[in-house]
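Residue numbers (this note's numbering): 1122 to 1352. Just so you know, even glycine gets a beta-carbon here, dropped at the ideal spot from N, CA and C. Because the structure is a prediction, the values reported are computed rather than measured. The structure appears right after this line, and notes come after that.
Now the structure itself:
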């Protein structure tokens, strides 16, 4: 494994330390004292009263049953050593405890310390990876955790279409990221052909931290302004 300074590590212990240090640094706040209290939502879209109500009503047992039956049964074992197939086959026995735990978690009544424990698997992004940055992390979470998150996701699916920008193409069903490439191409073409004293400027921004790395304080204030946290 090659480090940022160009040196190579072949010892398993050294490689492990490099990987751990990289991800530790990646997910650590760089400016913990930066204030986001003055953040304004401006003209961002807001939820309607009906959408807000759809998120507010209490979670029910039927949601747990529905979502667990819609999940794939033969995914790789997680830290709990169980595949979903075990839950489905012995659901009559496991249902009371699993349902109670999931509903307690999504309702904010309980969150066990090991509930979100996961295996982190690094999949190579290129054919012959040499650096930690050339691996993509995949989290293998406990089945009960996946059930809880799926319930929340299915709730959010009801309101997201009206909140997501029409120019957001990544990770949105029925949209292709390549569509934005076409838009950017047209914008750059317009900029090159622009005449007159007033020109345009394009910014290329590194969005490495755009996903899964936003500060909790920012998300809290942002969600409150959007009226999400009142759910």
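1. Would you decide whether residue 1248 is buried or exposed? Buried here means 16 or more other CB atoms lie within 10 Å of its CB.
2. Taking Cβ positions, are residue 1261 and residue 1236 nearer each other than 7 Å?
3. Please work out which residues of its chain come closer than 6 Å, Cβ to Cβ, to residue 1206, disregarding the five sequence neighbours upstream and downstream, and give them in chain order.
4. Which word fits residue 1149, buried or exposed, when buried means at least 16 other C-beta atoms lie within 10 angstroms of its C-beta?
5. When DSSP labels each residue in this structure, what does residue 1170 get in the three-state scheme?
6. Assuming residue 1133 and residue 1283 are in contact, meaning their beta carbons sit under 8 Å apart, how far apart are those beta carbons, in whole angstroms?
7. Exposed or buried, which one is residue 1319 when buried takes at least 16 other CB atoms within 10 Å?
8. In chain order, what residues of the same chain lie with their CB nearer than 6 Å to the CB of residue 1131, ignoring the 5 residues before and after it?
9. Compare the beta carbon distance of residue 1268 and residue 1223 with 7 Å and say whether it is the shorter of the two.
10. Taking C-alpha atoms, which residue in 1138, 1226, 1210, 1147 lies nearest to residue 1181?
11. Let me know if residue 1321 comes out buried or exposed under the rule of 16 or more other beta-carbons within 10 Å of its beta-carbon.
12. I'd like to know whether the C-beta atoms of residue 1123 and residue 1251 end up nearer to each other than 7 Å.
13. So for residue 1324, helix, strand or coil by DSSP?
The short version:
1. Indexing the chain shown from 1 puts residue 1248 at position 127. So residue 1248 counts as exposed.
2. Counted from its first residue, the chain shown places residue 1261 at position 140. Counted from its first residue, the chain shown places residue 1236 at position 115. Their beta carbons are not under 7 Å apart, which means residue 1261 does not touch residue 1236 by this criterion.
3. Counting from 1 along the chain shown, the entry for residue 1206 is found at position 85. Correct list, in chain order: 1194.
4. Taking the first residue of the chain shown as 1, we reach residue 1149 at position 28. Classification of residue 1149: exposed, given that the 10 Å Cβ count is below 16.
5. Here residue 1170 refers to the residue found at position 49 when the chain shown is read from its first residue. In this structure, residue 1170 counts as helix in the three-state DSSP scheme.
6. Within the chain shown, numbered from 1, the residue matching residue 1133 stands at position 12. Within the chain shown, numbered from 1, the residue matching residue 1283 stands at position 162. 50 Å between Cβ atoms; not a contact.
7. Indexing the chain shown from 1 puts residue 1319 at position 198. Residue 1319 should be labelled exposed.
8. Residue numbering aside, residue 1131 sits at position 10 when the chain shown is read from its first letter. Hits under 6 Å: none found.
9. Against the chain shown, residue 1268 aligns to sequence position 147. Against the chain shown, residue 1223 aligns to sequence position 102. Taking 7 Å as the Cβ cut-off, residue 1268 and residue 1223 qualify as a contacting pair.
10. The sequence position of residue 1181 within the chain shown is 60, counting from 1. Checking every option, the nearest Cα to that of residue 1181 belongs to 1226.
11. Locating residue 1321 in the chain shown gives position 200, counting from the first residue. Classification of residue 1321: exposed, given that the 10 Å Cβ count is below 16.
12. Within the chain shown, residue 1123 is the residue found at index 2, counting from 1. Within the chain shown, residue 1251 is the residue found at index 130, counting from 1. Yes, they are a contact pair.
13. As a working note, residue 1324 is residue 203 in the chain shown. Coil, per DSSP.
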